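Student:
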Amino acid sequence: MKLESKFLLIILPSLFLTVSVLSVVEYWFLLQDDRQAVRQQVELQHRNWVRQGNQRLELEIAQLRAISKIGEMDDYLFTSNAKLREVSLKPRLMFALDELTRELSSFKRISLYDIEHQQLIMVGENVDPFADVDNANLALLQRLQAYPHSHVDSELRNNHGALTFRLAERFSPSLIRTSQSPAASHELYTLVAEVDRLDVADAIEELYLKQGIALLVFDRERRFIFGPTSMPWQVGNADLFQQLEQKLIRGQSLVLDDIGEFQLVSQLTSGNTISIAMVSESIENQDANAYLWRVILLLLVTFLLLFILLRWAIKRTVVKPLMMIRQRIRGVEEGIDEDVPLSKGVDELAELNNSFADMVTSVRQAKTALEKVAYSDRLTGLNNRLVLQRSLGEGLESKMALLILDIDRFKHLNETHGDKGGDQILKRLSELVQSMMAKPPFDELIDHRSYVARTAGNEFAILLFHANLELAESLAEQLVTALADPVVVGAGQVYLQVSIGIAASPQHTETVADLQKLAEAAKQQAKLKGGAQYQVFSQQIAEYLLEKEVIERALTTALEQDEFELFFQPYVCSKTGLIAGAEALLRWQSDSLGRVGPDKFIPVAEQSGLIYAIDRWVIEHACRSLAEILKTQQNSTFSMSVNVSNTHLQQPGLADFISGVVSAMALPPKQVEIEITETATADLDDRFLANANALKKLGVGLVLDDFGTGYTSLAHLGQLPVTKLKLDRTHTAEIGLKQPADTPGVAKIVLEFAHAYNLSVTAEGVENQQQLDFLNSEKCDFIQGYYLYKPMSFKQLLELLSGKG
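Numbering (full-length UniProt numbering), first residue to last: 1 to 805.
#1: Please report the distance separating the alpha-carbon of Ser280 from that of Leu240.
#2: Does the segment 577-594 come close enough to the segment 511-526 that 3 or more CB-CB pairs lie under 8 Å?
#3: On the premise that Asn158 lies in contact with Val235, defined as a C-beta separation below 8 Å, what is that separation, rounded to the nearest angstrom?
#4: Which whole-angstrom value describes the C-beta separation of Phe303 and Met278, a residue pair presumed to lie in contact below a C-beta threshold of 8 Å?
#5: Does the segment 548-555 touch the segment 527-539, meaning 3 or more C-beta pairs lie closer than 8 Å?
#6: In the structure shown, what three-state DSSP assignment does Trp233 receive?
#7: Given 8 Å as the limit, is there contact between the segment 196-209 and the segment 248-265, that is, 3 or more CB pairs closer than that?
#8: Tell me which residue opens and which closes the alpha helix (DSSP H) that Val662 is part of.
#9: Just to confirm before moving on: does the CB-CB distance between Lys726 and Leu751 stay below 9 Å?
#10: Using the Cβ count rule (16 or more neighbours within 10 Å means buried), how would you classify Lys724?
#11: What are the uninterrupted segments assigned as beta strand (DSSP E) that are 3 or more residues long and contained completely in the UniProt domain "GGDEF" (398-539), given in chain order?
#12: Rounded to the nearest angstrom, what separates Gly405 and Glu459 at their Cα positions?
#13: At what residues does the alpha helix (DSSP H) containing His151 begin and finish?
#14: Might you give, ordered along the chain, the residues of its own chain that have their beta carbon closer than 6 Å to the beta carbon of Gln784, omitting 5 neighbours on each side?
#15: For Ala582, name the three-state secondary structure that DSSP assigns.
#16: Would you give the residue range spanned by the alpha helix (DSSP H) that Ala136 belongs to?
#17: Which residues share a DSSP beta bridge with Thr164?
#18: On a CA-only basis, which of Arg170, Val21, Arg143 is nearest residue 839? Give me that one, please.
#19: Take the Cβ of Gln671 as the centre, count every other Cβ of all protein chains shown within 10 Å, and call the residue buried at 16 or more, exposed below.
#20: Please list the terminal residues of the continuous alpha helix (DSSP H) segment that includes Gln796.
#21: If you measure between the beta carbons of Pro486 and Val480, is that distance less than 9 Å?
#22: Rounded to whole angstroms, what is the Cα-Cα separation between Tyr612 and Asp443?
#23: Going by DSSP, what residue range makes up the alpha helix (DSSP H) through Arg330?
#24: With 16 other CB atoms within 10 Å as the buried threshold, where does Asn81 fall?
#25: Within this structure, are the beta carbons of Ser154 and Leu140 separated by less than 9 Å?
#26: When we look at the beta-carbon of His648 and count the other beta-carbons within 10 Å, is it buried (16 or more) or exposed?
#27: Determine the DSSP secondary structure at Gly381, reduced to helix, strand or coil.
#28: Thinking Ile67 and Leu100 are a contact (beta carbons under 8 Å), I'd like their distance in whole angstroms, please.
#29: Kindly indicate the opening and closing residues of the alpha helix (DSSP H) around Cys780.
#30: Quick one: grab the DSSP three-state call for Thr732.
#31: Hey, would you say Leu215 sits closer than 9 Å to His46, going by beta carbons?
#32: In or out: Glu583 buried (at least 16 other Cβ within 10 Å) or exposed?
#33: Could you pull the DSSP bridge partners for Lys726 from this structure?
#34: Give a yes or no on whether the C-beta atoms belonging to Ile283 and Gly212 are separated by under 9 Å.
#35: Specify whether the segment 338-348 and the segment 414-422 touch according to this definition: at least 3 beta carbon pairs, one from each stretch, less than 8 Å apart.
#36: Does the beta carbon of Ala522 come closer than 9 Å to any beta carbon on chain B?
Here it is as structure tokens:
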């Protein structure tokens, strides 16, 4: 939209609004007057309708009282001779009443009841002499019972859409003929007349259809009786009256879906009924709409005239000067970095131009500051990953080396020393790396765009331009050596270890993406070898990467193609010499790769995230095997141990899955054991402990595998709900080897330690009789190894347990 149009859109509405407000105010007052006139008319019609109803009611009451005083009524009620009454007087009375109902066309039926509510006579249309007392008549009789003398009551009812009016009079027989010894001179009788009100229903419907006036009729208990047929309420609705009455008091309108909006006008009482009148909003506004269109037409003409005048004025005084400023703004947008000349004027346009000139200067300064923030690490002040990516993206130099390093077990250090301690560790490491880069021979590289960057939480990168591989290795070696000394953190000292990966160009690659990828792979190799060292990318690592990609690709379809199989290695109770359980061992026979060892595919599965599905497959199939064993071995205490990946233990839902499998297969939870490696306890977190405690609550045993390899502290062991330790096979292998006379073996220490904590121990890797004898002598609880049983198929395990193996 052009600037001229925008100014018109800003100014014209203000002028237009002034005229519009005055017109709208006048229109509003006229609209209110029209609405008030309509409501007054509706209220007047409502009052006339009620007045006519009251007059009609008075006439019908007078007619009913006249009927109660006819001579035939006196003769019938005062005659004590029952036979005479029934044979002679009753037919005469019925004939007289029948004639009266014909003369009084509004009376459909007339009934006479005694004080016991027994029907004595009924005449009129559709009379059934054998029918019980009508419920509607009975309700009137019960209400009249409260009056000891003559009284008149009435009731209006809706019988399936037809309005029926009942009028009842309670009266005493005339005392004029008391000398004839009447049969019931002190009794009270009730005369009930049923009156057709179809004309009233038609009138209400016609009033709504022609004039939009809705009359709603309620009985004495405020229950809805009748209204226009299009209204949504059911007969007998007891809540409607109160809702309408509140809206009438507050002056609120009533909105009915698919019908429209109504304004409540008046509430009047007629006899035992209450009526509420309301009028449709469309009727209220029908006259005002024509006036509204006249007002709109006037406003449009005014707006058009103002538009023509203002366009000429704005174009001459505003748009032309602004065109110059717009051209300068476009120059800035297109990247033309030039100064904006200042204006010497004193009006607002001159101020706008000068403000724009100041803004251009401020943007230049902000851009410089923003680049500094965007490309530097807030904590250490080093360059960040963006700088590294930009530098690598500029193309590889003829000689370039990239070192990627991160702190080993940083998560554990961060949890131990807190977030502030973790930040101090990162700062100390960055200071150490920078101080090394400032020393010969690395200081010369700084002048050739070499630098240090923090690329992730505890990961750093050193990019060396014009540097050979030997220089990069020297830097890495010095870093590893320097970290042999403790680093001061807070009031204490921390020993840091780093794993460093090195890749260089052109020795290893000539592409930017590969250089970072190869350095990362070398770093991972350093971590796999225990950390606290550096690794240069080599052909061996390249083969490892290739093998990893091939294994990962094959793993993605291994479950679908049913390439996995479980083998089972039994373990024996040292006290009884019997098989106490077995450990489920995963084997993979790939269609494309052949047999792949767990030491090769498990790490790949963990890194790729496929381990979660594999673990669940192992748990489910191992538990199914246990269920089959327990089915064939009655009252067996045979246990099944299942290895679970360390990374899976930190995922929510693992304990729930195991609980579901155990429950579905009706297994005793205590005969299912989950094995975790000791390395998993190095970095305990809340998710790990939540899964472990959930398994304990379920009753599933938690076994610490490879115990004695040096990761688990006593503090960590105290936090874990472990039920069993597995002595690592390396310590089992030491049994029988020469030891100093005063130095107990690790196996003996572990057994004493475990028994002191009421933990059972399984010794794995037992290969000879000497090891077996020693473990039995030291009261090792369970024995596992090739000397006793090798891993076997499930079929072989079943044969072994049944005595056939």
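Backbone N, C-alpha and C fix where the C-beta goes; we use that ideal spot for every residue, glycine too.
Nothing here was measured: the structure is a model prediction, and the numbers come from that model.
Tutor: Checking against the coordinates, here is how it stands:
#1: 18 Å
#2: no
#3: 5 Å
#4: Actually they are not in contact, since the Cβ atoms of Phe303 and Met278 sit about 39 Å apart, beyond 8 Å.
#5: no
#6: coil
#7: no
#8: 654-664
#9: no
#10: buried
#11: 400-407, 451-454, 459-465, 487-489, 492-494, 498-505, 533-536
#12: First, the residue type needs correcting, since residue 405 is Leu and not Gly in the sequence shown. Their Cα atoms are separated by approximately 6 Å.
#13: No alpha helix (DSSP H) contains His151, which is instead part of the beta strand (DSSP E) from 151-159.
#14: Tyr571, Thr762, Glu764
#15: strand
#16: 135-144
#17: Arg157, Asp196
#18: One cannot answer for residue 839 here, as it falls past the ends of the chain, which runs 1 to 805.
#19: buried
#20: 794-801
#21: no
#22: 48 Å
#23: 320-333
#24: exposed
#25: yes
#26: buried
#27: coil
#28: 6 Å
#29: Careful: Cys780 lies outside any alpha helix (DSSP H) and carries neither H nor E.
#30: helix
#31: yes
#32: buried
#33: Thr762
#34: yes
#35: no
#36: No chain B appears in this structure, which consists of one protein chain only.
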